[in-house]
Structure formats: C-alpha cells, structure tokens
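The structure under discussion appears below in the form of structure tokens.
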Amino acid sequence: MPQISRRCCSCCRLYVMPALQSIWNQTFLRALLAEFLGTALLVIIGVGSVTGSQSHSDLHIALAFGLAIVMVVQAVGHVSGAHVNPAVTISMLCAHRINLFKAIGYVAAQCLGAMLGGGLLRAVSPFTTSFGVTKLHTDLGAGRGVLVEVIITFALVLTVFASTDEKRTDLLCSPALPIGLTVAVGHLFAIPYTGSSMNPARSLGSAVVSREWPAHWVYWVGPILGGLLACGMYEYLLYPNPQLKHRIREACRRSNDVQQVSPSSSEKGQSEEIKMQHTGENPKGDNP
4 MPQISRRCCS CCRLYVMPAL QSIWNQTFLR ALLAEFLGTA LLVIIGVGSV TGSQSHSDLH
64 IALAFGLAIV MVVQAVGHVS GAHVNPAVTI SMLCAHRINL FKAIGYVAAQ CLGAMLGGGL
124 LRAVSPFTTS FGVTKLHTDL GAGRGVLVEV IITFALVLTV FASTDEKRTD LLCSPALPIG
184 LTVAVGHLFA IPYTGSSMNP ARSLGSAVVS REWPAHWVYW VGPILGGLLA CGMYEYLLYP
244 NPQLKHRIRE ACRRSNDVQQ VSPSSSEKGQ SEEIKMQHTG ENPKGDNP
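Our numbering applies: residue 4 is where the sequence shown begins, and numbers increase by one.
This is how it looks when you write it as structure tokens:
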C-alpha cells in the first residue's frame, strides 16, 4: 500500500498538477462560466417553450430550441466554444480538440447550468406541470429510444465538427446557424418518439426540477454514443486530419519495424539449431 500511494503521488506531481496548472487560469474560468450560463439559458428558453400548455406544436418547440442554440453559440462561442452539451464535449475530447480536465470542467458546468435554468424556470412559472421532462413514447422501448437519440445527436455533432473545422475554407456563415437548424430539425423528427433530448444536461435539468426520471439513462447513453459515432465518422473517414493520418502511418511503420527486428523466440531457436547443425555442433549438448 505505501508503494502504491507513493506511485500515485508521483504521478499526480508529474502529470496531473502540471496539466491543471496549464489550464487553471482566467481563460478557463471564463470558459466554464460561459458553459454554465449558456446551458442555463438554453434550458430556460427551450424548456420554457414546452412548459405550461399542451397546445404547443412540435414546430413551436423545435424553433424555440433551435433559435436558443443560435443565440447561445453566437453569444459565448468565442469564449468557450459553446458546447452547452456533454455529448458535444465528450466528442471533442475524443477528437483531441480539448483535454480531459477541460472536458470534466465543461460537463460539470453544463450540468450545474441546466439545473439552475430548470430551477429559475420553476421559480418564475405559474404552472406546476412537469418542466419539459423527456419521456419515451408509450409504445417505444428503451432500445429504440436510444437509437432515436443516437441518430439525432449524430447529426448534431457531425454538423458541429463540420461547421467549426478550421481546415475548411468554404465556410460562409457563423456556425451558430447550421447548428441551430440541426437542433430544430432533430426536434421536429424526434419529439413524438423520445421528446428529443440531444443533450444529457438538458434532460438532467428538467428531471431534477420535476423529480421525474423516466428512463433517464436513455438520454445519456443515446446522445453520447451518437456523438462518438459522429466524431469517428468525421475525423477518420469524411474529412480526416492530415496530421492524424501521418501519426497513424508512423505508428503502423514502427509496429512493422519492431516485428521485423524482433522475431519470435521459436524462430530464433530454429535459426540457432540450423546454424549449429551446419557447424557440426550438438544443439542440446548431449553425447552422441
């Protein structure tokens, strides 16, 4: 146990503390605040469009969420990137666009912001109904619900990667517009099936305020899985990074070199026996 604790302490000194010191600055704190406020505004406006009336059309709700995303991305995108969605943040982490500690801070800020937004909405709302809790259709199982969330979040994260790619020179507008339109389209499609989350933090905020957790895990597993699939599709297949391709080639080349330089022990033994037989030596050292 003492050796394990010493190793953990040394790892923290060598890796964890320098990483934290490199990001723990005013820029990072402003980014956390931007994610916190952006997610809170998204929940207040988006979920507020659902609360209090059963007469709202799917188009009304979809436009509210889509335009809220346009507003948030335009307002805080230059500060933090305006992820306002754990699925987007985890996808960015897997694409090496942000580091692990920054991703953890972003997800925590998003979840806290969503809960604050839900709490403020409950405080100002005269209604006592559930505040936009995402629920599966009664005839839709959890597995198919996950698939629906995978599809719409895949489309969202794919749009995020494409519209924020610094390698592209053909982008003619702010990424806020295509991202917001993708959110609106996703809601138009998925509201009848799952309530259209696309965002685990958004579902968390509504669930905490309403104290209702119907198949809540679906709205974490589906969006995160859809985001990871979109990350892999864009970064490795649709528009791969040349540096990434170079690193993959180098890794393959080094692996082949190691295999060629270091043959297996059986091959070594066989070659030694053949050499000894040619020189007339007994490989096992036994008397003839």
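Glycine included, C-beta positions come from ideal geometry on N, C-alpha and C.
Minimum C-alpha distance to residue i - residue among the options
{"i": "THR197", "options": "GLY229, VAL212 and VAL151", "result": "VAL151"}
{"i": "VAL224", "options": "ILE93, ILE101 and SER258", "result": "ILE93"}
{"i": "PRO226", "options": "CYS234, GLU215, VAL149 and THR54", "result": "VAL149"}
{"i": "LEU191", "options": "VAL50, ILE48, GLY69 and GLY41", "result": "GLY69"}
{"i": "SER199", "options": "ALA179, TYR222 and TRP216", "result": "TYR222"}
{"i": "ALA126", "options": "VAL82, SER213 and TYR237", "result": "SER213"}
{"i": "ILE72", "options": "TRP220, VAL188 and PRO217", "result": "VAL188"}
{"i": "VAL136", "options": "TRP220, GLU215, TYR237 and ASP142", "result": "GLU215"}
{"i": "GLY84", "options": "THR167, PHE134 and MET236", "result": "THR167"}
{"i": "ALA145", "options": "ALA193, LEU180, SER60 and HIS219", "result": "HIS219"}
{"i": "VAL91", "options": "ASP142, TYR109 and VAL82", "result": "TYR109"}
Spatial distance of residue i from residue j (CA atoms)
{"i": "LEU174", "j": "THR162", "result": "12 Å"}
{"i": "VAL186", "j": "GLU169", "result": "22 Å"}
{"i": "GLU38", "j": "HIS140", "result": "31 Å"}
{"i": "PRO195", "j": "SER258", "result": "50 Å"}
{"i": "ALA334", "j": "LEU96", "result": "The structure shown does not extend to residue 334, since the chain is modelled only from 4 to 291, so the question has no answer here."}
{"i": "GLN77", "j": "VAL211", "result": "28 Å"}
{"i": "SER52", "j": "CYS176", "result": "27 Å"}
{"i": "ILE64", "j": "MET118", "result": "20 Å"}
{"i": "LYS287", "j": "CYS255", "result": "In this prediction, LYS287 scores a pLDDT of 48, lower than 50, which makes its location untrustworthy; no coordinate-derived value is stated."}
{"i": "GLY229", "j": "PRO129", "result": "36 Å"}
{"i": "LEU123", "j": "ILE47", "result": "7 Å"}
{"i": "GLY121", "j": "GLY41", "result": "13 Å"}
{"i": "LEU36", "j": "HIS86", "result": "12 Å"}
{"i": "LEU32", "j": "ALA98", "result": "22 Å"}
{"i": "ILE101", "j": "PRO89", "result": "13 Å"}
{"i": "LEU143", "j": "GLY183", "result": "27 Å"}
{"i": "PRO181", "j": "ARG171", "result": "15 Å"}
{"i": "ALA67", "j": "VAL82", "result": "23 Å"}
Residue i, buried or exposed, once every other Cβ within 10 Å from all chains shown has been counted against 16
{"i": "ARG252", "result": "exposed"}
{"i": "GLN29", "result": "exposed"}
{"i": "ALA43", "result": "buried"}
{"i": "LEU207", "result": "buried"}
{"i": "THR156", "result": "buried"}
{"i": "PRO245", "result": "exposed"}
{"i": "THR54", "result": "buried"}
{"i": "LEU45", "result": "buried"}
{"i": "LEU103", "result": "exposed"}
{"i": "LEU62", "result": "exposed"}
CB-CB length for residue i against residue j, believed under 8 Å
{"i": "ALA233", "j": "GLN113", "result": "Actually they are not in contact, since the Cβ atoms of ALA233 and GLN113 sit about 18 Å apart, beyond 8 Å."}
{"i": "SER209", "j": "VAL75", "result": "Not a contact, Cβ separation roughly 17 Å."}
{"i": "LEU241", "j": "MET201", "result": "No, LEU241 and MET201 are not in contact; Cβ-Cβ is about 20 Å, not under 8 Å."}
{"i": "PHE134", "j": "TYR237", "result": "Contact doesn't hold; Cβ gap of about 34 Å is too wide."}
{"i": "ALA179", "j": "GLY80", "result": "7 Å"}
Chain D within 7 Å of residue i, Cβ atoms only
{"i": "ARG125", "result": "The structure shown contains no chain D; it holds only a single protein chain."}
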